[in-house]
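Asks:
In this note's numbering, the protein residues as written are 2 to 669.
1. Between the beta-carbon of residue 476 and the beta-carbon of residue 573, is there less than 7 Å?
2. Given a cut-off of 7 Å, decide if residue 57 and residue 163 are closer than it, judged by their beta-carbon atoms.
3. Does residue 661 pass the burial test, meaning 16 or more other C-beta atoms within 10 Å, or should it be called exposed?
4. Between residue 479 and the rest of its own chain, which residues show a CB-CB distance below 7 Å, the 5 nearest in sequence each way excluded?
5. Give the secondary structure of residue 472 by DSSP, where H, G and I count as helix, E and B as strand, and everything else as coil.
6. Where does residue 716 fall in DSSP's three states?
7. What ranges does the beta strand (DSSP E) occupy inside the region 46-120, keeping only unbroken runs of at least 3 residues that lie completely in it?
8. Under 8 Å by Cβ, that's how I've got residue 521 and residue 545 pegged, so tell me the actual separation to the nearest angstrom.
9. In its own chain, which residues sit with a C-beta less than 7 Å from the C-beta of residue 527, not counting the 5 before and 5 after it?
10. Considering only C-alpha positions, which residue in the set 653, 415 and 142 is nearest to residue 634?
11. Within the continuous alpha helix (DSSP H) that includes residue 551, where are the two ends?
12. Following the continuous beta strand (DSSP E) through residue 129, name the residue where it begins and the one where it ends.
13. Rounded to a whole number of angstroms, what is the C-alpha to C-alpha distance between residue 481 and residue 452?
14. Which runs of the beta strand (DSSP E) spanning at least 3 residues fall entirely within the region 600-665, listed in chain order?
15. Determine the extent of the beta strand (DSSP E) in which residue 337 is found, giving its start and end residues.
16. Looking only at its own chain, which residues have a Cβ that is under 6 Å from the Cβ of residue 352, when we skip the five neighbours before and after it?
17. Would you tell me roughly how many angstroms separate the C-alpha atoms of residue 620 and residue 655, rounded to the nearest one?
18. Just tell me which of 303, 252, 289 and 267 has its CA closest to the CA of residue 278.
19. Can you give the beta carbon distance from residue 510 to residue 523, rounded, assuming they're within the 8 Å contact cut?
20. Look up residue 242 in the DSSP assignment and say whether it is helix, strand or coil.
21. Taking the beta strand (DSSP E) that residue 283 falls in, what are its first and last residues?
22. Could you tell me the alpha carbon to alpha carbon distance between residue 429 and residue 501, rounded to whole angstroms?
23. Mark residue 518 as exposed unless 16 or more other C-beta atoms lie within 10 angstroms of its C-beta, in which case mark it buried.
24. Can you tell me where the alpha helix (DSSP H) with residue 189 in it begins and where it stops?
25. Mind reading off the beta-carbon distance from residue 374 to residue 317? Whole number of angstroms is fine, and I expect it under 8 Å.
26. Using only the alpha-carbon positions, how far apart do residue 675 and residue 542 sit?
27. Beta-carbon within less than 8 Å of residue 564's beta-carbon, same chain only, minus the 5 sequence neighbours each way: which residues are those?
28. Please list the terminal residues of the continuous beta strand (DSSP E) segment that includes residue 322.
29. Pull up the CB-CB distance for residue 149 and residue 70, whole angstroms please, since I reckon it's below 8 Å.
30. Under the DSSP definition of a beta bridge, which residues are partnered with residue 309?
31. Okay, do the region 85-102 and the region 142-157 touch, 3+ Cβ pairs below 8 Å being the bar?
32. Could you check how far apart the C-beta atoms of residue 258 and residue 118 are, in whole angstroms? I think they sit under 8 Å.
33. Do you know offhand how far residue 671's Cα is from residue 438's?
34. Can you tell me whether residue 3 is buried or exposed? The criterion is at least 16 other CB atoms within 10 Å of its CB, across all chains shown.
35. State the DSSP-derived secondary structure class of residue 143, mapped to helix, strand or coil.
36. Hey, residue 5 and residue 43 are a contact pair by Cβ (cut 8 Å); roughly how many whole angstroms apart?
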């Protein structure tokens with residue numbers, strides 16, 4: 002009986018491979034179903050299900066929620082370029098780092114750079130875990146460290162092998178997508194109308210019911226191994242060969258180049274034939290092939306230095322502007338949102354776009370019923386660039402005189418309209434709560450804008466301190482809040498009671514005070530009481546704090562309702578602590594430094610924090626008081642101003658040489 006089961010499994014997998022991957026069925030659906038039913042019957046009789054049995058791909062019950070999966074190796078994002086010049090500059094930076102490494106390691110030099118060019122699939126990242134030759138987990142990318150576990154959903158994807166020859170533990174990454182031909186077939190079947198392949202794939206993979214995933218007939222393309230035990234992969238070609246050896250699907254497209262200009266030519270060729278592909282790509286990925294070079298170049302805080310994504314140019318089309326509604330933000334600013342006749346653009350269905358303000362509407366001469374130009378550049382929200390010439394709208398767009406959310410009067414402040422009801426306008430309250438909980442502010446994990454809106458609508462929250470009044474029973478009354486989620490959220494809220502003073506000042510939403518200015522104010526005054534009683538004169542002594550910002554701070558703390566809310570927060574146990582300031586003079590003590598452009602070795606905010614740690618001041622603008630500027634690729638007006646004022650300019654590497662690199666290594 003077991004032998005027959007092995008025969009059936011082998012046959013069914015062979016037939017499925019021919020049907021799904023080769024588009025050349027070897028048997029009829031009826032014959033396949035009969036064999037499948039026979040295997041099901043034998044498995045039921047014996048209680049045995051072989052590891053690679055096709056029955057493992059069906060029969061999962063819908064999940065109540067996704068669980069968390071911690072990746073064995075971090076999944077990095079990919080930095081992006083859009084022009085030949087930016088691509089060449091990326092290559093030159095990599096060459097400089099290679100040359101520096103070779104000078105420091107003459108006995109183990111790195112080879113000349115060689116590049117692999119691959120498709121950048123427009124889908125959803127998937128991370129597969131194999132152990133002992135079996136698929137044991139699958140997950141979404143998430144934040145790169147943890148993602149959502151989606152093993153039942155992934156097992157319905159026929160191109161993902163349930164077993165592989167390699168018996169060690171490993172994780173491999175790829176892209177989950179839907180073929181355009183499958184999208185067309187599903188839409189013609191009449192069961193459901195899917196607007197575009199990317200959304201259809203993402204929605205299916207993250208659907209709690211694996212049966213929905215199975216119906217969408219998704220595909221995967223694997224391109225990387227992020228973690229492996231028991232085998233060393235020496236470079237990119239070795240990685241792709243390893244994936245193929247283990248029956249993991251790869252794109253089949255990889256071109257190798259020795260010259261970055263030839264890489265660009267390959268990108269342009271790929272762009273011309275992208276419309277002939279049976280799947281969406283939104284660019285190309287360029288990777289340095291050699292594994293030792295990759296390890297030497299390493300990563301920034303977000304991206305690998307040895308790879309870059311070349312994003313295709315923005316696309317533009319026209320459609321009809323059906324309506325404009327006004328949305329209210331945290332500060333009460335009204336922003337127009339354009340509602341469009343849905344149109345396909347750059348692989349996505351566009352039904353909304355941005356309009357900056359009422360003056361923008363007038364300048365672009367758009368109205369309800371206008372045919373307008375829509376531009377979508379990479380992942381940026383679509384923008385209306387103007388109306389089609391000579392096209393007449395059905396009616397003009399009216400300027401609001403009352404807040405669409407609460408009915409209060411609106412007023413102009415500069416070029417923008419604002420709701421005057423800051424105390425009880427629901428969208429403003431929800432946005433303030435979400436800002437308060439954000440990562441750079443109080444860092445309340447799992448608290449989202451959606452959560453804030455629900456609490457305002459269902460629990461009547463009217464101010465930030467109300468958040469600390471809620472009990473577990475209040476959350477249980479809300480849809481989607483289970484005990485574990487409630488416990489995690491309440492613990493995160495409790496943990497938020499001990500922020501730095503700078504984070505607290507940023508969190509409470511002082512007008513025109515960003516996170517850096519909030520930290521500067523905190524370092525100058527030390528305590529919340531001192532900040533609350535600060536004068537305009539004292540505040541303007543802080544570099545980069547001008548008279549307008551200083552007055553905003555004073556007015557904010559002079560507002561009786563705001564003071565009452567801060568007192569309530571303190572009564573709830575919120576105790577802002579002083580910023581850490583080194584008492585010892587640092588290498589950069591007394592120096593004012595501006596960081597501009599794209600940084601490679603660590604993020605710009607991290608470099609600014611390092612400057613502060615070493616006693617310097619990271620300024621946001623260039624002036625005669627600036628000691629030097631650290632400039633990376635993409636530096637614009639600040640670099641020009643530095644040259645105009647004859648201020649010293651350093652590259653990122655020159656800066657790290659200047660400070661001795663020690664602290665940078667610890668930070669990175």
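No residue lacks a Cβ here, since even glycine has one placed at the ideal position from N, Cα and C.
Replies: The structure says:
1. Within the chain shown, the letter at position 475 stands for residue 476. Within the chain shown, the letter at position 572 stands for residue 573. For residue 476 and residue 573, no; Cβs fall outside 7 Å.
2. Locating residue 163 in the chain shown gives position 162, where the first residue counts as 1. Locating residue 57 in the chain shown gives position 56, where the first residue counts as 1. With respect to residue 57, residue 163 sits close: the two C-beta atoms are nearer than 7 Å.
3. Mapped onto the chain shown, residue 661 falls at position 660. Exposed, since its Cβ has fewer than 16 Cβ neighbours within 10 Å.
4. Walking along the chain shown from the start, residue 479 turns up at place 478. Setting aside the 5 residues that flank it on each side, residue 479 is surrounded in the same chain by 455 and 459, each with a C-beta closer than 7 Å to its C-beta; the list follows chain order.
5. The sequence position of residue 472 within the chain shown is 471, counting from 1. DSSP places residue 472 in coil when its eight states are reduced to three.
6. Residue numbering for the chain in the displayed model covers 2 to 669; residue 716 lies beyond these limits and cannot be assessed.
7. Here the runs fully enclosed are 69-71.
8. Within the chain shown, residue 521 is the residue found at index 520, counting from 1. Within the chain shown, residue 545 is the residue found at index 544, counting from 1. Yes, residue 521 and residue 545 are in contact; Cβ-Cβ is about 7 Å, under 8 Å.
9. Sequence index remark: in the chain shown, residue 527 carries index 526 (1-based). Cβ within range, chain order: 579.
10. Sequence index remark: in the chain shown, residue 634 carries index 633 (1-based). Cα-wise, what sits closest to residue 634 is 653.
11. For the purposes of this step, residue 551 is taken as residue 550 along the chain shown, with counting starting at 1. Counting along the chain, the alpha helix (DSSP H) containing residue 551 begins and ends at 548-559.
12. As a working note, residue 129 is residue 128 in the chain shown. For residue 129, the uninterrupted beta strand (DSSP E) segment begins and ends at 125-132.
13. On the chain shown, residue 481 is found 480 positions in, with the first residue counted as 1. On the chain shown, residue 452 is found 451 positions in, with the first residue counted as 1. Spanning the two alpha carbons is a distance of roughly 10 Å.
14. Residue ranges of uninterrupted beta strand (DSSP E) with 3 or more members, entirely inside the region 600-665 and ordered along the chain, are 618-620, 629-632 and 649-651.
15. As a position in the chain shown, residue 337 is number 336, starting the count at 1. Where residue 337 is concerned, the enclosing beta strand (DSSP E) stretches over 334-346.
16. Counting from 1 along the chain shown, the entry for residue 352 is found at position 351. Result list for residue 352: 341 and 343, in chain order.
17. Residue numbering aside, residue 620 sits at position 619 when the chain shown is read from its first letter. Residue numbering aside, residue 655 sits at position 654 when the chain shown is read from its first letter. Cα to Cα, the separation comes out at about 19 Å.
18. For the purposes of this step, residue 278 is taken as the residue at position 277 of the chain shown. Ranked by Cα distance from residue 278, the first of 303, 252, 289 and 267 is 252.
19. Along the chain shown, read from residue 1 onward, the residue named residue 510 stands at position 509. Along the chain shown, read from residue 1 onward, the residue named residue 523 stands at position 522. In fact, because the Cβ distance is near 15 Å, the residues do not count as touching under 8 Å.
20. As a working note, residue 242 is residue 241 in the chain shown. DSSP, read as helix, strand or coil, puts residue 242 in helix.
21. As a first step, residue 283 must be located in the chain shown, where it is residue number 282. Its beta strand (DSSP E) spans residues 282-289.
22. For the purposes of this step, residue 429 is identified with residue 428 of the chain shown, where counting begins at 1. For the purposes of this step, residue 501 is identified with residue 500 of the chain shown, where counting begins at 1. Rounded to whole angstroms, residue 429 to residue 501 spans 25 Å at the Cα level.
23. Residue mapping note: residue 518 aligns to position 517 of the chain shown, counting from 1. Flag for residue 518 reads buried.
24. Your numbering for residue 189 matches position 188 in the chain shown. Here the alpha helix (DSSP H) through residue 189 covers 181-190.
25. Here residue 374 refers to the residue found at position 373 when the chain shown is read from its first residue. Here residue 317 refers to the residue found at position 316 when the chain shown is read from its first residue. Taking 8 Å as the upper bound for CB-CB distance, residue 374 and residue 317 are in contact here, some 6 Å apart.
26. What is shown of the chain runs 2 to 669, which leaves residue 675 out entirely.
27. On the chain shown, residue 564 is found 563 positions in, with the first residue counted as 1. Answer for residue 564: 533 and 558, listed in chain order.
28. Locating residue 322 in the chain shown gives position 321, counting from the first residue. Counting along the chain, the beta strand (DSSP E) containing residue 322 begins and ends at 316-329.
29. One-based indexing of the chain shown puts residue 149 at position 148. One-based indexing of the chain shown puts residue 70 at position 69. That pair is a contact at about 7 Å.
30. As a first step, residue 309 must be located in the chain shown, where it is residue number 308. 287, per the DSSP bridge assignment.
31. With the rule of 3 Cβ pairs closer than 8 Å, the region 85-102 does not count as touching the region 142-157.
32. The residue labelled residue 258 in the question sits at position 257 within the chain shown. The residue labelled residue 118 in the question sits at position 117 within the chain shown. Between the beta-carbon of residue 258 and that of residue 118 there is about 7 Å, and that keeps the pair under the 8 Å contact cut.
33. Nothing in the structure corresponds to residue 671, since the chain is present only between 2 and 669.
34. Along the chain shown, one-based indexing puts residue 3 at 2. Residue 3 is exposed by the Cβ-count criterion.
35. Within the chain shown, residue 143 is the residue found at index 142, counting from 1. In the structure shown, residue 143 sits in coil (DSSP, three-state: anything other than H, G, I, E or B).
36. Translated into positions along the chain shown, residue 5 becomes position 4. Translated into positions along the chain shown, residue 43 becomes position 42. Yes, residue 5 and residue 43 are in contact; Cβ-Cβ is about 7 Å, under 8 Å.
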